[in-house]
Amino acid sequence: MSQKIAFIGLGNLGTPIAESLIKAGYELTVWNRTASKADPLVTLGAKVAENAIDAVETGGIVISVLADDSVVEEIFNMELVEKLGKGGIHISMSTISPETSRQMSQIHDWYEVTYIAAPIFARPEAVVAGVGNIAISGKAAAKEIAKPILQGFVKGIYDFGEDPGAANVVKLAGNFMIAASLEMMGEAFTMAEKNGISRQSIYEMLTQTLFAAPIFQNYGKFVANNVYEPVAFKLALGLKDINLTLQTASDVHVPMPMADLIRNRFISALAKKRDNLDWSALAQGASDDAGA
0 MSQKIAFIGL GNLGTPIAES LIKAGYELTV WNRTASKADP LVTLGAKVAE NAIDAVETGG
60 IVISVLADDS VVEEIFNMEL VEKLGKGGIH ISMSTISPET SRQMSQIHDW YEVTYIAAPI
120 FARPEAVVAG VGNIAISGKA AAKEIAKPIL QGFVKGIYDF GEDPGAANVV KLAGNFMIAA
180 SLEMMGEAFT MAEKNGISRQ SIYEMLTQTL FAAPIFQNYG KFVANNVYEP VAFKLALGLK
240 DINLTLQTAS DVHVPMPMAD LIRNRFISAL AKKRDNLDWS ALAQGASDDA GA
């Protein structure tokens with residue numbers, strides 16, 4: 000494998016993805032605002048660029064895993080996209096709004112660059128284990144180039160057509176469903192606890208029977224123990240995603256009352272100075288309300 004990739008964004012999720020690509024044999028040039036985060040990748044053979052523009056090669060491939068819409072728009076400005084140039088492909092793995100993806104795709108088109116949305120459903124440990132899943136959308140020819148690259152660190156890739164915003168709709172829907180599951184477990188486990196049943200025992204029974212699915216089994220451990228560390232995804236990012244979900248729903252006149260409740264849970268958790276906890280700490284709101 001000699002294909003070169005520029006990789007931008009080395010947060011909790013970006014770093015294990017980059018590591019997986021290096022181990023698969025790809026040559027990576029990486030960039031991150033906090034330069035020290037690239038150090039573990041340098042020991043694996045990655046090159047480090049001084050800035051994002053220097054990381055990309057004309058006609059090449061760039062993968063980005065960035066925090067939010069504003070960062071994507073800031074880094075992938077016209078100067079960088081122009082340098083990526085004709086034949087270039089940008090695989091955006093960030094969780095951003097569908098409309099931002101569509102706007103980014105138009106900007107890329109001006110310079111004959113193809114923009115692919117490929118947000119991933121995975122915590123860092125799932126990337127390492129290769130059991131995450133990706134929703135992908137964008138132009139067909141570029142997706143056929145992107146898929147073999149992405150396949151090395153996920154279990155499945157699900158294609159949602161050529162609308163560059165479609166994959167982001169799916170990602171927001173999925174993250175909303177995860178958050179709703181956290182709220183549901185928080186309420187159910189607290190109700191059991193206040194009736195003299197341990198949170199751990201109800202977790203073990205339900206996640207081996209009626210709710211034997213990864214979201215309930217994995218996130219349920221946090222909720223059962225009321226311990227929301229280590230942090231893989233910050234509460235503030237959870238609030239960002241639920242705000243994007245509500246905006247995306249509002250754009251097509253879809254009411255989401257559960258999403259409104261979850262948004263308030265995130266706001267309450269941040270008001271209680273829980274910003275140092277994993278986003279699953281929204282489930283603690285049910286315990287707060289019950290005095291548990």
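Note that numbering that gives the first Met the number 0 has the sequence shown beginning at 0, numbered continuously upward.
Ideal placement from N, C-alpha and C gives every residue a C-beta, glycine not left out.
Keep in mind it's a predicted model, so treat the numbers as computed, not measured.
Beta-bridge analysis with DSSP links residue 113 to 88.
Assigned with DSSP and collapsed to three states, residue 93 falls in coil, not helix or strand. Residue 28 is bridged by DSSP to 5, 46. Setting aside the 5 residues that flank it on each side, residue 60 is surrounded in the same chain by 4, 88, each with a C-beta closer than 6 angstroms to its C-beta; the list follows chain order. For the pair of segments examined, the stretch 192-210 was found not to touch the stretch 142-151: the number of CB pairs separated by less than 8 angstroms stays below three. DSSP places residue 131 in the strand class (E or B) of the three-state scheme.
Pairwise C-beta distances place the stretch 44-59 in contact with the stretch 77-94, as three or more of them are shorter than 8 angstroms. The alpha-carbon of residue 288 is positioned some 46 angstroms away from that of residue 51.
In chain order, 80, 89, 113, 114 place their CB closer than 7 angstroms to the CB of residue 107, counting only its own chain and leaving out the 5 sequence neighbours on each side. By the neighbour-count criterion, in which a residue is buried when 16 or more other Cβ atoms sit within 10 angstroms of its Cβ, residue 279 is buried.
Where residue 185 is concerned, there is no enclosing beta strand (DSSP E), although the alpha helix (DSSP H) around it starts and stops at 165-192.
Per DSSP, the unbroken beta strand (DSSP E) holding residue 155 starts and ends at 153-158.
Between residue 154 and residue 130, the CB-CB gap stays under 7 angstroms.
Leaving aside the five residues that flank residue 202 on each side, the residues in its chain whose CB is nearer than 6 angstroms to its CB run, in chain order, 219, 223. Between the stretch 92-107 and the stretch 36-47 there are fewer than three inter-stretch CB-CB distances shorter than 8 angstroms, so the stretches are not counted as touching. If you look at residue 41, you'll find it in the alpha helix (DSSP H) that goes 38-41.
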